[in-house]
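Have a look at the structure below before the remarks.
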Amino acid sequence: MIQLIRGFKDILPGEVELWQHIEKTAATLFEEFGFSEIRIPIMEKTELFARSIGEDTDIVEKEMYTFPDRKGDLLTLRPEATASVVRAYIQHRLYAQDPVRKFYTIGPMFRRERPQKGRYRQFYQINAEIFGVASPLVDAELIFLLVTLCERLKVTDVAAHINSLGCPACRPDFKQALSVFLAGKTALLCSDCDRRRDRNPLRVLDCKVPACREAMIDAPSLHDYLCAACRAHFETVKATLDRLGVAYRVDKRLVRGLDYYTRTTFEIQTGALGAQSAVAGGGRYDGLVQALGGPDQPAIGFAIGFDRLVEIVGLNPADLVRPPDLFMAALGEKSQQMAFDWMCALGRQGVRAEIDYGDRSLKSQMKRADKLSARYVLIIGEQEAAQGKATLRNMATRDQLEIPLERLVEAVRETIQP
Ligand code: HAM
Numbered sequence: 003m004i005q006l007i008r009g010f011k012d013i014l015p016g017e018v019e020l021w022q023h024i025e026k027t028a029a030t031l032f033e034e035f036g037f038s039e040i041r042i043p044i045m046e047k048t049e050l051f052a053r054s055i056g057e058d059t060d061i062v063e064k065e066m067y068t069f070p071d072r073k074g075d076l077l078t079l080r081p082e083a084t085a086s087v088v089r090a091y092i093q094h095r096l097y098a099q100d101p102v103r104k105f106y107t108i109g110p111m112f113r114r115e116r117p118q119k120g121r122y123r124q125f126y127q128i129n130a131e132i133f134g135v136a137s138p139l140v141d142a143e144l145i146f147l148l149v150t151l152c153e154r155l156k157v158t159d160v161a162a163h164i165n166s167l168g169c170p171a172c173r174p175d176f177k178q179a180l181s182v183f184l185a186g187k188t189a190l191l192c193s194d195c196d197r198r199r200d201r202n203p204l205r206v207l208d209c210k211v212p213a214c215r216e217a218m219i220d221a222p223s224l225h226d227y228l229c230a231a232c233r234a235h236f237e238t239v240k241a242t243l244d245r246l247g248v249a250y251r252v253d254k255r256l257v258r259g260l261d262y263y264t265r266t267t268f269e270i271q272t273g274a275l276g277a278q279s280a281v282a283g284g285g286r287y288d289g290l291v292q293a294l295g296g297p298d299q300p301a302i303g304f305a306i307g308f309d310r311l312v313e314i315v316g317l318n319p320a321d322l323v324r325p326p327d328l329f330m331a332a333l334g335e336k337s338q339q340m341a342f343d344w345m346c347a348l349g350r351q352g353v354r355a356e357i358d359y360g361d362r363s364l365k366s367q368m369k370r371a372d373k374l375s376a377r378y379v380l381i382i383g384e385q386e387a388a389q390g391k392a393t394l395r396n397m398a399t400r401d402q403l404e405i406p407l408e409r410l411v412e413a414v415r416e417t418i419q420p
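Structure representation (structure tokens):
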């Protein structure tokens with residue numbers, strides 16, 4: 003039997019209701035905050051991701067699903083959505099009327115990582131991106147949005163972590179200082195960090211290997227190198243979060259795994275998912291729009307790991323399943339045919355009705371109605387059909403009602419959806 007690809011998964015009925023609920027809750031919240039949905043393709047030219055995320059990142063170096071198409075063009079299944087949203091913003095001149103735009107997008111991403119709890123090769127993200135606003139107010143707004151979404155979804159055990167990564171004016175000095183520091187630690191670092199040391203020294207800061215953590219204890223701090231503008235920006239983000247009553251922790255090691263970030267970065271972290279603690283991550287990427295050939299517009303956004311969010315929401319998918327409004331237990335060919343026609347007519351009017359399709363005993367049909375948790379059951383046997391009426395039973399109260407066949411659809415609808 004052919005099985006799923008490793009790291010991929012099916013989202014089956016019984017859990018998909020939770021996904022639908024989260025999706026609706028997020029879309030409603032985004033729309034309340036002035037975001038519009040944007041849908042972007044699942045594949046792009048490889049170059050788009052290589053240039054945006056950065057050639058020296060783990061994602062681009064070893065995790066992308068990249069292949070030549072039949073004409074030899076290199077294509078990649080998207081490992082994230084930000085690069086594509088930026089491409090669309092530039093390509094369709096979405097900045098022309100008003101450079102300030104707020105977008106959200108929800109869909110699958112692909113990274114060839116080692117699968118484990120909370121980490122998949124096809125996973126889903128809920129993304130939000132804001133273009134055209136340099137003010138630190140939007141940094142706080144996005145963190146506020148994430149926290150509010152967690153509240154609406156009854157997610158507890160989460161904390162917002164924030165940091166500033168500086169800008170092209172101040173980060174090079176820090177990188178330089180960090181490289182010098184790391185040169186004295188080579189013997190202590192893991193092989194990945196030893197490799198990253200020259201090309202991407204910032205990544206060493208958030209390595210989870212204990213020996214690297216130990217070696218980095220007295221590493222220089224980025225915050226000592228921030229320029230006055232970056233410092234002021236970060237102070238306003240923090241003051242705004244304080245005003246909004248959003249709890250956060252400043253985490254100087256939060257450097258994120260993508261190269262496009264400037265200034266504010268943030269994550270929502272949880273203790274409930276073991277090693278995969280980041281439920282959402284994001285930050286500013288003020289230089290990316292221009293670097294990809296667009297106008298000089300600042301931008302900021304985040305992505306929520308949908309799969310991880312599903313695992314920590316305090317909701318029971320069973321409570322979100324809509325049981326049938328009505329099950330029709332029909333006996334005999336004529337009754338079964340009528341029940342089928344009524345099911346179609348009721349469905350057209352928004353009543354979720356079910357029939358048995360087969361020709362089974364009343365007892366087994368009633369058993370099935372119970373199993374489906376149908377709210378009402380309509381019983382129509384040969385005798386009832388001959389007398390021109392059927393019995394409608396409320397399964398919670400056990401009350402019964404006789405319904406004349408000639409106006410059955412209307413009468414059932416009135417009783418079920420008063
Ligand atoms: P990211 O940190 O790479 O950022 O991913 C965001 C979130 O996606 C993570 O916090 C995690 O919850 C989830 N995630 C990542 N990889 C996996 C995986 N293999 N399995 C399950 N969940 C995963 C970005 O992607 C940026 N584009 C975020 C952003 C938007 N920055 C600005 N705008």
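Numbering follows this note's numbering, in which position 274 of the sequence shown is assigned residue number 276; successive positions increment by one, without gaps.
Just so you know, even glycine gets a beta-carbon here, dropped at the ideal spot from N, CA and C.
Model, not experiment: these values are computed from the prediction.
| For the ligand HAM, any of its heavy atoms closer than 6 Å to the Cβ of Y106? | Along the sequence shown, one-based indexing puts residue 106 at 104. No, since every heavy atom of the ligand HAM falls outside the 6 Å radius drawn around the Cβ of Y106.
| field | Anticipated Cβ contact below 8 Å, K104 with S181, distance rounded | value | Walking along the sequence shown from the start, residue 104 turns up at place 102. Walking along the sequence shown from the start, residue 181 turns up at place 179. In fact, because the Cβ distance is near 38 Å, the residues do not count as touching under 8 Å.
| request: Give the C-beta separation of Y262 and I4 to the nearest angstrom, bearing in mind that I take them to be a contact with Cβ-Cβ under 8 Å. | output: In the sequence shown, the residue the question calls residue 262 occupies position 260. In the sequence shown, the residue the question calls residue 4 occupies position 2. Rounded, the Cβ-Cβ distance is 39 Å, inconsistent with contact.
| task | Give the single residue among L256, Y126 and R95 whose Cα lies nearest to the Cα of E269. | result | On the sequence shown, residue 269 is found 267 positions in, with the first residue counted as 1. Ranking L256, Y126 and R95 by Cα distance to E269 puts L256 first.
| query | Assuming A413 and I405 make a contact with CB atoms under 8 Å, what is their CB distance in whole Å? | reply | Along the sequence shown, read from residue 1 onward, the residue named residue 413 stands at position 411. Along the sequence shown, read from residue 1 onward, the residue named residue 405 stands at position 403. Their Cβ separation, rounded to whole angstroms, is 5 Å, which keeps A413 and I405 in contact under 8 Å.
| query | Pick from F10, L317, A387 and T242: whose alpha carbon is nearest that of E115? | reply | Locating residue 115 in the sequence shown gives position 113, where the first residue counts as 1. Taking only the C-alpha atoms, the option nearest E115 is F10.
| query | Hey, would you say the C-beta of R205 is under 6 Å away from at least one heavy atom of the ligand HAM? | reply | In the sequence shown, the residue the question calls residue 205 occupies position 203. False, no ligand heavy atom lies under 6 Å from that Cβ.
| field | Three-state secondary structure assigned by DSSP to K369 | value | In the sequence shown, the residue the question calls residue 369 occupies position 367. Correct three-state label for K369: helix.
| query | In terms of residues, what are the limits of the beta strand (DSSP E) holding F329? | reply | Stepping through the sequence shown from its first residue, residue 329 is reached at position 327. Taken as a continuous stretch (DSSP letters only), the beta strand (DSSP E) holding F329 covers L328 to A332.
| said: Give me the DSSP bridge partner(s) of T266. | reply: If you number the sequence shown from 1, residue 266 lands on position 264. Bridge partners of T266: S166.
| Neighbourhood of A282 by C-beta, 7 Å cutoff - its chain only, sequence neighbours within 5 removed | Translated into the one-based positions of the sequence shown, residue 282 becomes position 280. Closer than 7 Å at the Cβ level, and outside the excluded window around A282, lie L148, E269, I270, F304, A305, I306 and G307.
| Sorted by chain position, which residues of the same chain lie with C-beta nearer than 8 Å to L190's C-beta, five sequence neighbours on each side aside? | Numbered from 1 along the sequence shown, position 188 holds the residue referred to as residue 190. A213, C214, E216 and A217, listed in sequence order.
| Short check: CB of I145 to CB of I302, under 7 Å? | Here the question's residue 145 lines up with position 143 in the sequence shown. Here the question's residue 302 lines up with position 300 in the sequence shown. No, the pair does not count as a contact, with Cβ atoms beyond the cut-off.
| field | Given 8 Å, three or more beta-carbon pairs between the stretch 328 to 347 and the stretch 150 to 167 | value | no
| message | Is it buried or exposed, C152, if we count other Cβ atoms within 10 angstroms and call 16 or more buried? | response | Looking up residue 152 in the sequence shown gives position 150. That one is buried.
| C-beta atoms of M111 and E82 nearer than 7 Å | The residue labelled residue 111 in the question sits at position 109 within the sequence shown. The residue labelled residue 82 in the question sits at position 80 within the sequence shown. Cβ distance < 7 Å, so M111 and E82 count as in contact.
| message | Please report the distance separating the alpha-carbon of P222 from that of I7. | response | By one-based count along the sequence shown, residue 222 stands at place 220. By one-based count along the sequence shown, residue 7 stands at place 5. If I take the Cα positions, the gap works out to 43 Å.
| Rounded Cβ spacing between N129 and T84 (contact assumed at less than 8 Å) | To locate residue 129, count along the sequence shown from 1; it is residue 127. To locate residue 84, count along the sequence shown from 1; it is residue 82. The pair is a contact, with the Cβ atoms about 7 Å apart (cut-off 8 Å).
| said: Within 8 Å, do at least three Cβ pairs link the stretch 380 to 399 to the stretch 339 to 349? | reply: yes
| request: Would you identify the three-state DSSP class for Y91, choosing helix, strand or coil? | output: Your numbering for residue 91 matches position 89 in the sequence shown. In the structure shown, Y91 sits in a helix (DSSP, three-state: H, G or I).
| query | Is the stretch 227 to 242 touching the stretch 91 to 110, taking contact as three or more C-beta pairs under 8 Å? | reply | no
| According to DSSP, which residues form a beta bridge with K254? | For this step, residue 254 is matched to residue 252 along the sequence shown. BP columns for K254 are empty, so no partner.
| query | Where in the stretch 175 to 231 do unbroken runs of the beta strand (DSSP E), each at least 3 residues long, occur, reported from the N-terminal end onward? | reply | none
| said: My output table needs one value for S38: the three-state DSSP class, helix, strand or coil. | reply: The count along the sequence shown starts at 1 and reaches residue 38 at position 36. In this structure, S38 counts as strand in the three-state DSSP scheme.
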